[in-house]
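Okay, so here's the structure we're looking at.
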Amino acid sequence: MSETLITGLSLGAVYALVALGFVVVFKASEVLNFAHGSFVIAGAYVTARTHELLGFYGAVLAGIAAAAVLALVVERLLVRPIRDAPVISLAIMTIGVEVILNTELIRRIGVDIMPLGQPWGADAVSILGSNVPVNRIVAVIVAVIVIGAFLLVFRFSPWGVAMRAAAEDRETAELLGLNLGRISMVAWLIAGILAGVAAIFLTGAPTPGLAPTLAAVVLRAFPAALIGGLDSVPGALVGGLIVGMTEAYAVAFQSELEFLGRGIGEVMPFLVMIIVLVIRPQGLFGRKETARV
Amino acid sequence: MSETTITAPENEVGKPPAGARIPGPTRGPGPRWLRPVLLGLTALVVLVIPLYLEAYWLQLGFLIAALAVGAIGLNLLTGTTGQLSLAHPFFMGLGALSYVVLAGEPAETSLGPVIGFNWPPFLAMIGGVVLAGLAGLLFSPVSARLRGLYLGAASLALVFIGLHVLNSAQPLSGGYNGRPAPEFSILGLSFGGAEEPPVVLGVAMGRAELQWYLGAAVLVLAMWFAKNILKSRVGRALKLIDGDPLAASVVGVPVMQYKGKVFFLSSVYAGLAGVMYALAIGSIAPQSFDMGLSLDYLAIIVIGGLGSVGGAVAGAAFVTGLPQVLQNFAPQLGFLDALGLTTAHLANFIYGAAIIAVLLFKPDGLAGIWRDVASAVRRRPNRQATRVSPGDRGLPGASPTDDSADAADTTGHGRPGDIPGAPGPSTATDSP
């Protein structure tokens, strides 16, 4: 059963990376970024295209850079010019971006499955008597390091402090001379980097490589972000783990869940999300907006 | 605001406080004669089109009508009230599934037997709408409590649940192969397979022709209903919830209740759209109701203009018609092959770009362009007179309380001539 636990942890760590991207962008610029999944796919695509030329680690850097630059371009050219528009319009803007990017990326991927050339390939190691793909273990380690680094930056760096201040009270932050535009820019950049990192593991074993189905997988980071609370960094981590565990256990107990229909594992995270939101509409760690009348 | 606002909130529901971005009732754009003339012309064109166009275009028209009905409902929720929803395919799927099960016959398929109740199609259509509405009510603990963006992400869950149900509830839906939709019939008029279809002016009223008229009739009803809602007290309350929920609750709008109700209403529209969609395609299959449809819907209401009923219809025509038109002109679009693109890709690019362009350059969409054009047609001196001395000339249009339907269309941003936040005439009662 430890295999399921590790699968859940590993999936959860990767979902947390993606969910963190949603949360950072939402906190900094109040955009619910539907194009975030496209950043993940773009990162994976660039890594897959360049790994023979640059070697795996070079390709990973290229993929991360591509996702980050893409996020930056979307923020600067499309989101920023309408930053005073209603939040709904901002969200729909990212949907327009997503439609274009996904159409092009999925067309380029075609029906093939593109390997990303992870050096650990499909190797597996035996832990407590069960076979666990190395990819899952590397994913946990890297995710812990990246998230740790992010938390340090978020807690101590000038950007992190400024960003938290801005999320607390935008007007006061701006009056104090904080540059909200720059805060938002850095947030999108970081979201892009997180997307590029997550892409490596979402396409690794047991998944054979980059396929158009990645788009659907990335969508499961949405429940992760909402379960934790769209404006909560710790929430993204907890939400990621909840979604990862839910998925892993739903797959492990598939035969017992047969009465709910096949493929219930993919729907489970969404069901959990609805239950959480019925009880706590702002998510587990989200800030409740109260207003006295 | 005066004390009466607080002590007697019920009477103040529709009255926006100064500063809320809600325009007071104003004249619609364009000269007085423009609207009736255009309406008459449109009605005439709609009536005679089946006499001239081929079945292909009529069927496309019916499909557009189906999506337009759904889009009007979504626009009430998202455009007017500011509650983002991606769940429309779920409610459409539910409406379509209910129709197919209620009107269908029990049958054997390669995946096993399917259930059918053999209801008359019209009753089954009502059944589909009712069930979709019930599902909307069931979701209201979530839909009423969530703020706009949260609802958008949460409603995504319904799309996946819907797909899962369509795929696995094989006895109802026919599983991943789908299931044919029974032909519609009403008042003894069968839409398909009639031995001798009625002939009008030498044109046989076959399936496509009848569906065209059905689509037009349902669409007109759906538009009329939505416009009336928007013009009413409820509509103004919904706009206020979008503009400022706090102000809304201060003036006595039960915000949560209204959010739940408008979600219910939009799911009813979606259910009706789903039944029409099933009739238009002729079958239901899970992949017809996936997330792509959610995105199509948002594209429709943004391109048409958030909050505008007519815009939703125009947007539906654009987003639904575009791939079909492109496909029709595929031979002329030879450069696509060279680039490795299909017309479906091109259509996606165009409508993605259209969303972005509208949001960047024309936030009120096609409806906004229409208003600009109509305002330009209207003679300027006339307009000055109306503004300065309402009622002086005794024209019915000169009264500021004339609530033409287009006044109800706006979500409040940027119509030329509107002073943002200007109190409508109704607020006059506030000052002694």
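These protein sequence lines map, in sequence, to chains A and B.
Its first residue numbered 1, the first sequence is counted upward by one per residue in this note's numbering.
Its first residue numbered 294, the second sequence is counted upward by one per residue in this note's numbering.
Just so it is clear, CB atoms sit at the ideal spot from N, CA and C, and this is done for glycine as well.
Keep in mind the model is a prediction, meaning the values are calculated, not measured.
Coarse secondary structure for residue i, derived from DSSP in three states
i: residue 132 of chain A; result: strand
i: residue 471 of chain B; result: coil
i: residue 478 of chain B; result: strand
i: residue 343 of chain B; result: helix
i: residue 192 of chain A; result: helix
i: residue 146 of chain A; result: helix
i: residue 403 of chain B; result: coil
i: residue 304 of chain A; result: Because chain A is modelled from 1 through 293, residue 304 of chain A falls outside the range shown and cannot be assessed.
i: residue 31 of chain A; result: coil
i: residue 499 of chain B; result: coil
i: residue 621 of chain B; result: helix
i: residue 279 of chain A; result: helix
i: residue 537 of chain B; result: coil
i: residue 154 of chain A; result: helix
i: residue 377 of chain B; result: coil
i: residue 398 of chain B; result: coil
i: residue 525 of chain B; result: coil
i: residue 288 of chain A; result: coil
i: residue 462 of chain B; result: coil
i: residue 505 of chain B; result: helix
Reference residue i; option with closest CA among the options
i: residue 29 of chain A; options: A:78, A:46 and A:57; result: A:78
i: residue 419 of chain B; options: B:589, B:391, B:400 and B:584; result: B:391
i: residue 45 of chain A; options: A:60, A:139, A:232 and A:133; result: A:60
i: residue 545 of chain B; options: B:530, B:553, B:536 and B:406; result: B:530
i: residue 532 of chain B; options: B:398, B:368, B:568 and B:352; result: B:368
i: residue 727 of chain B; options: B:361, B:428 and B:471; result: No information on residue 727 of chain B is available, as it lies outside the stretch 294 to 725 that chain B covers here.
i: residue 91 of chain A; options: A:244, A:36 and A:156; result: A:36
i: residue 6 of chain A; options: A:244, A:180 and A:263; result: A:244
i: residue 416 of chain B; options: B:515, B:509, B:518 and B:565; result: B:565
i: residue 638 of chain B; options: A:74, A:75 and A:104; result: A:104
i: residue 74 of chain A; options: A:260, A:191, A:131 and A:200; result: A:191
i: residue 581 of chain B; options: B:384, B:446 and B:333; result: B:384
i: residue 464 of chain B; options: B:629, B:394 and B:654; result: B:394
i: residue 202 of chain A; options: A:229, A:48, A:156 and A:102; result: A:48
i: residue 8 of chain A; options: A:254, A:247 and A:266; result: A:247
i: residue 507 of chain B; options: B:327, B:528 and B:340; result: B:340
i: residue 212 of chain A; options: A:137, A:199 and A:265; result: A:199
i: residue 183 of chain A; options: A:215, A:76 and A:130; result: A:76
i: residue 606 of chain B; options: B:478, B:511, B:452 and B:423; result: B:511
i: residue 622 of chain B; options: B:633, B:640, B:612 and B:632; result: B:640
Cβ neighbours of residue i in the same chain (closer than 7 Å, five flanking residues each side left out)
i: residue 143 of chain A; result: 13, 14, 16 and 17
i: residue 93 of chain A; result: 78, 79 and 82
i: residue 643 of chain B; result: 615
i: residue 666 of chain B; result: none
i: residue 370 of chain B; result: 376, 378, 555, 556 and 559
i: residue 189 of chain A; result: 68, 71 and 72
i: residue 145 of chain A; result: none
7 Å Cβ cut-off: residues of chain D touching residue i
i: residue 595 of chain B; result: In the structure shown, chain D does not exist; the protein chains are A and B.
Proximal residues to residue i (C-beta, below 8 Å), its chain only, five neighbours per side dropped
i: residue 167 of chain A; result: 27, 28 and 231
Residues that residue i contacts on chain B, provided the C-beta gap is smaller than 8 Å
i: residue 85 of chain A; result: 652 and 656
i: residue 109 of chain A; result: Under the 8 Å cutoff, chain B gives no residues; its nearest Cβ is about 13 Å from residue 109 of chain A.
i: residue 81 of chain A; result: 653
i: residue 230 of chain A; result: 442, 443 and 446
i: residue 273 of chain A; result: 447 and 450
Amino acids of chain A, ordered along the chain, whose beta-carbon sits closer than 7 Å to that of residue i
i: residue 438 of chain B; result: 281
i: residue 368 of chain B; result: Under the 7 Å cutoff, chain A gives no residues; its nearest Cβ is about 11 Å from residue 368 of chain B.
Residues near residue i in its chain [Cβ-Cβ closer than 6 Å; skip 5 each side]
i: residue 118 of chain A; result: 204
i: residue 448 of chain B; result: 378, 379 and 380
i: residue 460 of chain B; result: 469 and 579
i: residue 410 of chain B; result: 395
i: residue 115 of chain A; result: 209
Where residue i meets chain B, residues with beta-carbon distance less than 7 Å
i: residue 301 of chain A; result: Missing from the structure shown is residue 301 of chain A; chain A here goes from 1 to 293 and no further.
i: residue 267 of chain A; result: 453, 454 and 457
Neighbour list for residue i in chain A, Cβ cutoff strictly below 8 Å
i: residue 371 of chain B; result: 88
i: residue 435 of chain B; result: 274, 277, 278 and 281
i: residue 363 of chain B; result: Near residue 363 of chain B there are no residues of chain A at all, since even the closest Cβ is about 16 Å away, more than 8 Å.
i: residue 730 of chain B; result: Outside the displayed range of chain B (294 to 725) lies residue 730 of chain B, so it cannot be described from this structure.
Chain-ordered chain A contacts of residue i [CB-CB under 9 Å]
i: residue 394 of chain B; result: Here the premise fails: no neighbours, minimum Cβ distance about 17 Å.
i: residue 460 of chain B; result: 261, 262 and 263
What are the start and end residues of each continuous alpha helix (DSSP H) run of 4 or more residues lying completely inside the region 205 to 247 of chain A, in chain order? 214 to 218 and 221 to 228
At which residue ranges does the region 59 to 126 of chain A contain complete alpha helix (DSSP H) runs of 4 or more residues, listed in the order of the chain? 87 to 109
Which ranges does the alpha helix (DSSP H) cover as unbroken runs of at least 4 residues, wholly within the region 542 to 602 of chain B, from first to last along the chain? 548 to 574 and 584 to 597
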